[in-house]
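Below: one structure, written as C-alpha cells.
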Amino acid sequence: SFILDELNNKMGKALINAVTYGDGSNKPTGVTHGLTPVTTEATDTAIDKVIKTYASLSDDAKIGAKVYISNDVNIEIVSYKDQNGNYPFLAGIPRTSGFQIEVDPYLKNDDILAGNMRNYILNEITPMRVDKERTVKGRKTLYGGYAIYDGKARPGYFALSQTVESV
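When you line the sequence shown up against our numbering, it's residues 121 to 287, in that order.
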C-alpha cells in the first residue's frame, strides 16, 4: 500500500510539473512554456513583482485570475521587515481586494505565475493508474504507473515573473 501511494504521489507531481513547465515533447505544454517573463527591476521586492506580474495580464485574462507564488517568494514576503524592525506579513500573505495570492509548492525558485487555471486545457486520454504485478517463481513484485495527458494554455492568459536562477 505504501509503495502504491508513493508511486501515485510521484506521478501526480510529474503531471503538475508538466502542466506548469512542460515543453510539449512527450508531455503537456506547460503554462509557462513560451511566456516572456515580466520585466522587473533588481530593487523590486517580492510584492512589487507580484503586482507587476498581475498587472501585465490583459483585462480578459484578469477575470478570475490568481497569483501563484513559490515557497521562496512566500518566505521573502513573510520575512520582510519594515523600518521599525517589525514583520508586518509574518501572519501570512497580504490580502488584496483585486486578486488572490496563493502559495504553490510546485513552482520553482522565485517564480510567480498569474492567471486563471480555467484557461489551461488538460485532456486526459488515459487516467492515471498504478498497478502491481506479482511473480511467484521469481518472488518479485513489480510496480508501475501509467497515464496519458496532453494540454496547453490559452495564449495570452498567463503571466510569469522569474529570476535568472529559475530559467
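Glycine included, C-beta positions come from ideal geometry on N, C-alpha and C.
These numbers were taken from a predicted model, which means no experiment stands behind them.
Discussion item. Using 8 Å as the cut-off, can you tell me whether the region 269 to 283 makes contact with the region 253 to 260, which would need three or more C-beta pairs spanning the two stretches below that distance?
Written reply: no
Item to complete: Using a threshold of 8 Å, state whether the C-beta atoms of Leu127 and Tyr263 are closer than that.
Response: yes
Item to complete: Verify whether the separation of the beta carbon atoms of Ile268 and Ile245 is less than 8 Å.
Response: Their beta carbons are under 8 Å apart, which means Ile268 touches Ile245 by this criterion.
Worksheet item: Using DSSP with H/G/I as helix, E/B as strand and the rest coil, what is Ile213?
Response: coil
Worksheet item: Closest to Leu191 by CA distance: which of Gln203, Asp202, Thr152 and Lys228 is it?
Response: For clarity, residue 191 is Asn in the given sequence; the question names Leu instead. Answer by Cα proximity: Lys228.
Worksheet entry | Cβ separation of Val187 and Ala234, assumed to be a contact under 8 Å, to the nearest whole Å | The pair is a contact, with the Cβ atoms about 5 Å apart (cut-off 8 Å).
Worksheet item: Of all the options Gly212, Gly218 and Gly144, which has the alpha carbon lying nearest to the alpha carbon of Ile171?
Response: Gly218
Practice prompt. With DSSP as the reference, please indicate the residues paired to Lys260 in a beta bridge.
Written response: Thr255
Worksheet item: Around the Cβ of Gly212, are there at least 16 other Cβ atoms within 10 angstroms (buried) or fewer (exposed)?
Response: exposed
Worksheet item: Roughly how many angstroms separate the alpha carbons of Leu242 and Asp202, rounded to a whole number?
Response: 42 Å
Fill in: Chain-order list of residues whose beta-carbon lies under 6 Å from that of Leu210 (same chain, five-residue window excluded)
For Leu210, where only same-chain residues beyond five positions count, the Cβ hits under 6 Å are Val198.
Discussion item. Tell me the residue span of the beta strand (DSSP E) that contains Tyr277.
Written reply: Where Tyr277 is concerned, there is no enclosing beta strand (DSSP E), given that its DSSP letter is neither H nor E.
Discussion item. Counting C-beta neighbours from all protein chains within 10 Å, is the total for Thr163 16 or more, i.e. buried, or is it exposed?
Written reply: exposed
Worksheet item: For Asp143, which three-state DSSP category applies?
Response: strand
Fill in: Pairwise C-alpha distance: Asp230 and Ser286
For Ser286, the predicted model reports a pLDDT of 45, less than 50, meaning its position is unreliable; a value from the coordinates is still stated below. Cα-Cα distance, rounded: 7 Å.
Worksheet item: Nearest-angstrom Cα distance between Tyr108 and Thr149?
Response: Residue 108 lies beyond the residue range present for the chain, which begins at 121 and ends at 287; the question has no answer from this structure.
Worksheet entry | Reduced DSSP category for Asn236 - H, G, I as helix; E, B as strand; rest coil | Note: Asn236 maps to coil in three-state DSSP.
Worksheet item: Alpha carbon to alpha carbon, how far is Gly144 from Leu155?
Response: 14 Å
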